[in-house]
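These protein sequence lines map, in sequence, to chains C and X.
Quick note: the first sequence uses the working numbering, first residue 1, plus one each step.
Quick note: the second sequence uses the working numbering, first residue 1001, plus one each step.
Where a beta carbon is used, it is the ideal one built from N, C-alpha and C, also for glycine.
The structure appears right after this line, and notes come after that.
2 protein chains.
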Amino acid sequence: MSKFYVALVHYPVYDKNGKIVTTAVTNVDVHDIARSSVTYGVDGYFLVTPVEQQRALVTELLEHWKDGPGATYNKRRSQAISFVRVVADLSEAMRVVESETGQRPITVGTGASLDERTVTHQKMREILAEASSPVLLLFGTGWGLEKRFVDSMDYLLKPIRGKVTYNHLSVRSAAAIMLDRLLGRGLDDI
Amino acid sequence: MSKFYVALVHYPVYDKNGKIVTTAVTNVDVHDIARSSVTYGVDGYFLVTPVEQQRALVTELLEHWKDGPGATYNKRRSQAISFVRVVADLSEAMRVVESETGQRPITVGTGASLDERTVTHQKMREILAEASSPVLLLFGTGWGLEKRFVDSMDYLLKPIRGKVTYNHLSVRSAAAIMLDRLLGRGLDDI
């Protein structure tokens, strides 16, 4: 299978009133999605924010876990956090993947309210199995990725549906479920 | 299908040194697991802690979302949080389920390092489909549920495995994945 990357996007996303905003990076998003990524063998996790101060803050947090007190306190946590990368925008994430793999990644957008042009998780598993390019799976914070950003994606993943019509999942939970569906062992072995 | 309940247990669980402790209730655990539970049609979510002050704190937090400023700020969040119940121990959770359904629940334990006596998620889906009793799925905080507590469970769920031998998932992510595997629509429709 090709290399697989995850990104958490803090801009451009919507707030609850449909306004395009930059959300703040949160500690729990960094940790939870890093831990899920390690579990499912993801090759890299990008935190995407245009705010320089936020990038500096996360870089400091990462140092704590990589080399600081955190590394001694909790080795497994340290391992999870060590492959987080902080970038300013999608282009920078794309360049990093390209420099690591020699190829531009296929971009896959996600969102709870996507409806047009979506592919099922099952179909995406097949695409992953056959892809020769790396894949970058993007999650939006706040109320989801902005429409034009979504439209620029190569693929869009069908939203998770439970028993209710609209899912109420946190981005951390949605990311965990999607990684399990896309990269997990499938129902035969669970 | 029978009624399905979830519980997040703060005692008895292990700390990183294998000592039995009571962990603190965290805001993000309350919200994330409540939101996943609503998404998958869970009938109730118990926060289990013997510490009276912690129970009072969570009850206050719940009021904020049910009737206070939170209810107006975010209706969907308010809906998710409104079915959280705060109890002192497993017996109290069992009594609540029994009073609501007329039957004692079947208990199902989870944990990243369980190995003996576990059933697969696939098998548990079959058990759920046939069960006439309600089911209570229990998650441990910290470094997982204490051994004797685990031994008292009717069933134990096979730990989630990704690509690595030991999973690094947060309890929030593990709960989301397990609800998707147990109560989701299955791979045909995702």
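Practice prompt. My understanding is that Val150(C) touches Gly109(C), with C-beta atoms under 8 Å, so please give their C-beta distance in whole angstroms.
Written response: 5 Å
Item to complete: Give every residue of the same chain whose Cβ lies closer than 8 Å to the Cβ of Val1028(X), excluding the five residues on either side of it in the sequence, and list them in chain order.
Response: Arg1172
Fill in: Every unbroken alpha helix (DSSP H) inside the segment 1128–1174 of chain X [4 residues or more]
1147–1151
Worksheet item: Over what stretch of residues does the alpha helix (DSSP H) that includes Leu1047(X) continue unbroken?
Response: Here Leu1047(X) belongs to no alpha helix (DSSP H); instead the beta strand (DSSP E) covers 1044–1048.
Worksheet entry | Ile1106(X) and Ala1034(X) closer than 8 Å at C-beta | no
Discussion item. What does DSSP give as the partner residue(s) for Gly1109(X) in the beta ladder?
Written reply: Leu1138(X), Leu1156(X)
Worksheet item: With respect to the beta strand (DSSP E) encompassing Val1009(X), which residues constitute its N-terminal and C-terminal limits?
Response: 1004–1009
Worksheet item: Got a sec: is the Cβ-Cβ distance from Ala24(C) to anything in chain X below 8 Å?
Response: no
Fill in: Identified DSSP bridge partners for Thr72(C)
DSSP output for Thr72(C) lists no bridge partner at all.
Worksheet item: When you compare each of Phe4(C), Thr49(C), Ile177(C) to Asp32(C) by their alpha carbons, which one comes out closest?
Response: Ile177(C)
Worksheet item: Quick one: is Arg161(C) near chain X, going by C-beta distance under 8 Å?
Response: yes
Fill in: Selection of the segment 106–125 of chain C by Cβ proximity to chain X, strictly under 7 Å
Thr120, His121, Gln122
Item to complete: Closer than 9 Å by beta-carbon distance: list the chain C residues that pair up with Val1013(X), in chain order.
Response: Residues of chain C passing the Cβ test: none, with the nearest at roughly 16 Å.
Worksheet item: Interface residues of chain X around Thr39(C) at Cβ under 7 Å?
Response: Gly1162, Val1164, Asn1167, His1168, Leu1169
Fill in: Within 8 Å, strictly: CB atoms of Val21(C) and Val13(C)
yes
Item to complete: May I have the straight-line CA-CA distance separating Phe1083(X) from Phe1046(X), to the nearest angstrom?
Response: 9 Å
Worksheet item: Does the beta-carbon of Thr1141(X) have 16 or more other beta-carbons within 10 angstroms, so that it is buried, or is it exposed?
Response: buried
Item to complete: Could you check what DSSP says for Lys1023(X) in three-state terms: helix, strand or coil?
Response: In the sequence under discussion, the amino acid at residue 1023(X) is Thr, which differs from the Lys named in the question. Three-state result, Thr1023(X): coil.
Practice prompt. Just grab the DSSP bridge partners of Arg85(C) for me.
Written response: Phe46(C)
Worksheet item: Checking contacts by CB at 8 Å: is Leu183(C) closer than that to chain X?
Response: yes
Item to complete: Grab me the residues of Val1038(X)'s own chain with a C-beta within less than 7 Å of its C-beta, minus the 5 sequence neighbours each way, in chain order.
Response: Gln1079, Ala1080
Item to complete: Report yes if the C-beta distance between Leu128(C) and Leu182(C) is below 8 Å; otherwise report no.
Response: yes
Practice prompt. In the DSSP assignment, find the unbroken alpha helix (DSSP H) run with Lys66(C) in it and report its ends.
Written response: 52–66
Worksheet item: For the candidate residues Val86(C), Leu62(C), Ser113(C), whose alpha-carbon lies nearest to that of Glu52(C)?
Response: Val86(C)
Worksheet item: Using the C-alpha atoms, what's the distance from Lys16(C) back to Val1097(X)?
Response: 35 Å
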